[in-house]
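Going by numbering that gives the first Met the number 0, the letters in the sequence shown line up with residues 0 to 465, in that order.
Heads up, the beta-carbon is just placed ideally off N, CA and C, and yes, glycines get one too.
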Amino acid sequence: MSVITLYWLAQGPTCSHSRVRRPRTTSLHGTEECGMRTSSKRPAWWYSLLAVCVLVVTACGGGSTEGDDGAAGQIELEVWAQEPWMLPPDDFAGFMEEHPNITVTTDLKPEADQLQQMQARQEAGQPLPDLVQDDNFMLEAHVNAGHVVALDEWKDRWEEEDPEEFSNILPSAWDENVVDGETLGLTLLANMEGLFYNVAWFEEAGVDPAEIDSLDALLDAMRGLKATRPDGIVLSLTAMPTEGVTSQKAFLVAAGAEFDGAVPDLHSDGALYVLNWFKQAADEGLLPPSAISWSGGEAQGAFLGDQAALIVDGIHASADFASEPGFEYGTDWSMFPIPPSRTGAQQDGNHANSPWTWFITSGTEHPYEASLALRYVNESLVDMALNGAGTFRNTEALSDPRLEEAWPFWGDEFREGYLESTPTPAGLNGGEVESVLEELFGEIIVGTDMSAEELADKYQPMLDQL
């Protein structure tokens with residue numbers, strides 16, 4: 000109800016049937032006329048109507064309108080992520096400045112237990128967060144738990160409202176989150192495994208990383224590195240249970256091993272090649288048997304301490320190395336991709352990435368505003384890389400010159416390899432699969448007389464039961 004309408008009611012009926020003002024005259028009954036008869040005494044119902052109108056205006060806050068974001072009043076969003084570098088470094092301060100009616104609260108989940116915590120909230124009747132980041136392979140579990148809403152409406156609106164930025168997102172960032180025809184998440188970050196190497200040690204051994212174009216060539220180079228420093232660790236890695244086998248799975252994907260979901264076919268040519276590759280490396284002393292008890296930090300420590308020639312790790316680890324005092328890129332360390340070929344004769348596999356997915360939850364009352372926060376994460380990707388994040392699914396950001404600071408090794412070879420990379424095979428039984436593979440690779444690294452075929456015969460039935 001407008002102020003003008005209230006004013007009209009307060010004044011009483013006026014001449015509304017003509018736009019031409021007519022002179023008022025006094026009738027014989029003492030009333031004023033303007034082409035229609037009026038009463039000088041208003042009926043009781045009129046005052047009731049006026050009171051109702053006043054109450055409506057008061058309840059509506061004096062006629063307040065919706066904000067630019069499509070929702071009236073102050074909005075609170077709760078955002079979950081695993082690590083600080085998975086969030087904009089300003090913790091959404093710029094977003095809240097741009098949208099003053101939205102307050103964002105972030106909560107870190109370093110134990111990667113978002114699924115369990117959301118289920119606990121559901122059982123307790125507590126509200127779910129609005130926007131959540133989790134491992135891509137966990138998306139199906141979240142869907143089954145009823146945690147996820149489709150993004151298609153907000154995806155279309157993003158494309159409509161900001162087509163230029165929307166076009167920078169790689170199609171795979173959406174496609175790998177499509178379930179039964181619905182887009183349920185967006186994968187903005189996807190780490191990629193690579194080989195960090197000790198520059199001085201490589202130069203001393205006369206090994207040129209540019210010539211390592213296959214896993215065979217890598218093994219030969221490792222032999223040369225061992226001959227140069229016999230007491231050193233050639234390839235640092237972790238084989239401790241619960242630490243995961245991301246590095247070993249990257250080799251399986253590079254060699255072209257076959258997978259059914261998260262489960263590798265250990266009898267496939269690519270898998271048998273990798274089992275034999277690690278077995279040869281262990282038998283020749285190129286892998287440290289003590290890695291069976293190493294955490295990721297201890298594996299990195301061997302490399303940082305000039306005790307190891309190589310380490311397999313994700314690109315985001317470059318931030319750890321770059322921040323180490325006296326450990327300079329180019330003179331102390333550098334990096335190259337894991338070759339996706341066994342012998343160099345052909346490409347047998349692919350580069351593997353480990354994607355992390357964002358999704359809007361079924362508990363949010365503000366899905367559009369949550370999608371705006373997701374847009375802000377996309378806009379912050381380079382700043383996140385400078386803060387230690389891994390690689391991402393945005394073509395413009397991948398070409399940003401500031402990446403030379405975060406990833407000085409990032410050149411055409413890495414960029415092309417990343418753009419062609421595929422997600423590490425995963426599934427809801429991924430954790431159980433990892434436990435079996437940890438046992439398998441642990442047995443190889445500490446030393447075994449079993450052949451690759453015998454190891455496959457032993458462990459494949461365990462995997463097939465999962």
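Label residue i either buried or exposed according to how many other C-beta atoms from any shown protein chain fall within 10 Å of its C-beta, with 16 as the threshold for buried.
{"i": "T64", "result": "Residue confidence for T64 is low, a pLDDT of 30 falling below 50, so the modelled location carries little weight and cannot support an answer."}
{"i": "P287", "result": "buried"}
{"i": "T186", "result": "buried"}
{"i": "N352", "result": "buried"}
{"i": "P491", "result": "Limits of the chain in this structure are 0 at one end and 465 at the other, which puts residue 491 out of reach."}
{"i": "S379", "result": "buried"}
{"i": "Q73", "result": "exposed"}
{"i": "L76", "result": "buried"}
{"i": "L475", "result": "The shown model of the chain, from 0 to 465, leaves out residue 475, and the question about it has no answer."}
{"i": "G34", "result": "Its pLDDT being 35, under 50, G34 is placed unreliably by the model, and the measurement read from it follows with that caveat. So G34 ends up on the exposed side."}
{"i": "E368", "result": "buried"}
Between the Cα of residue i and the Cα atoms of the options, which residue gives the shortest distance?
{"i": "G387", "options": "S398, H266, V147, L402", "result": "L402"}
{"i": "L114", "options": "N393, Q81, I168", "result": "Q81"}
{"i": "G124", "options": "Q116, S370, V131", "result": "Q116"}
{"i": "V376", "options": "V435, E160, T241, I168", "result": "I168"}
{"i": "L462", "options": "D207, L224, A261", "result": "A261"}
{"i": "D282", "options": "R222, F320, A253", "result": "R222"}
{"i": "M481", "options": "S289, E415, L373", "result": "Because residue 481 is not part of the residues shown, which for the chain are 0 to 465, the question remains open."}
{"i": "E242", "options": "G296, D259, L285, A220", "result": "G296"}
{"i": "E192", "options": "E203, D456, P339, S267", "result": "P339"}
{"i": "A144", "options": "W153, K154, R120, S166", "result": "R120"}
{"i": "D215", "options": "T447, D347, M137, A425", "result": "D347"}
{"i": "T421", "options": "A111, V131, W157, D174", "result": "D174"}
{"i": "D305", "options": "R341, N197, P424", "result": "N197"}
{"i": "K278", "options": "W79, W332, F440, E202", "result": "F440"}
Would residue i and residue j be called neighbours here (beta carbons separated by less than 8 Å)?
{"i": "T127", "j": "S361", "result": "The identity of residue 127 in the sequence shown is Leu, whereas the question assumes Thr. In contact: L127 and S361 (Cβ atoms closer than 8 Å)."}
{"i": "T105", "j": "L150", "result": "no"}
{"i": "A307", "j": "A316", "result": "no"}
{"i": "A256", "j": "P263", "result": "yes"}
{"i": "L481", "j": "L274", "result": "Since the first residue shown for the chain is 0 and the last is 465, residue 481 is missing from the structure and cannot be characterised."}
{"i": "D133", "j": "H141", "result": "yes"}
{"i": "W355", "j": "L373", "result": "no"}
{"i": "L224", "j": "A204", "result": "yes"}
{"i": "P208", "j": "Y328", "result": "no"}
Expressed to the nearest angstrom, what Euclidean distance is found between the alpha-carbon atoms of residue i and residue j?
{"i": "G430", "j": "N100", "result": "41 Å"}
{"i": "A318", "j": "G343", "result": "31 Å"}
{"i": "L309", "j": "L217", "result": "11 Å"}
{"i": "V147", "j": "L303", "result": "41 Å"}
{"i": "P109", "j": "M85", "result": "11 Å"}
{"i": "F391", "j": "D230", "result": "38 Å"}
{"i": "Q118", "j": "N176", "result": "21 Å"}
{"i": "S246", "j": "H350", "result": "11 Å"}
{"i": "L234", "j": "V244", "result": "15 Å"}
{"i": "S434", "j": "H98", "result": "45 Å"}
{"i": "L385", "j": "D399", "result": "11 Å"}
Classify residue i as helix, strand or coil using the three-state DSSP reduction.
{"i": "A92", "result": "helix"}
{"i": "Q346", "result": "coil"}
{"i": "Q81", "result": "coil"}
{"i": "V311", "result": "strand"}
{"i": "I211", "result": "coil"}
{"i": "P263", "result": "strand"}
{"i": "F195", "result": "strand"}
{"i": "F326", "result": "coil"}
{"i": "L271", "result": "helix"}
{"i": "S340", "result": "coil"}
{"i": "A189", "result": "strand"}
{"i": "V206", "result": "coil"}
{"i": "S246", "result": "helix"}
{"i": "G34", "result": "Its pLDDT being 35, under 50, G34 is placed unreliably in this model, and the coordinates cannot settle the point."}
{"i": "A351", "result": "strand"}
{"i": "T227", "result": "helix"}
{"i": "L234", "result": "strand"}
{"i": "N393", "result": "strand"}
{"i": "M449", "result": "coil"}
{"i": "W293", "result": "coil"}
{"i": "P460", "result": "helix"}
Closer than 7 Å to a non-hydrogen atom of the ligand HEM - does that hold for the CB of residue i?
{"i": "H266", "result": "Summarising the ligand content, the structure contains no ligands, and the ligand HEM is consequently not present."}
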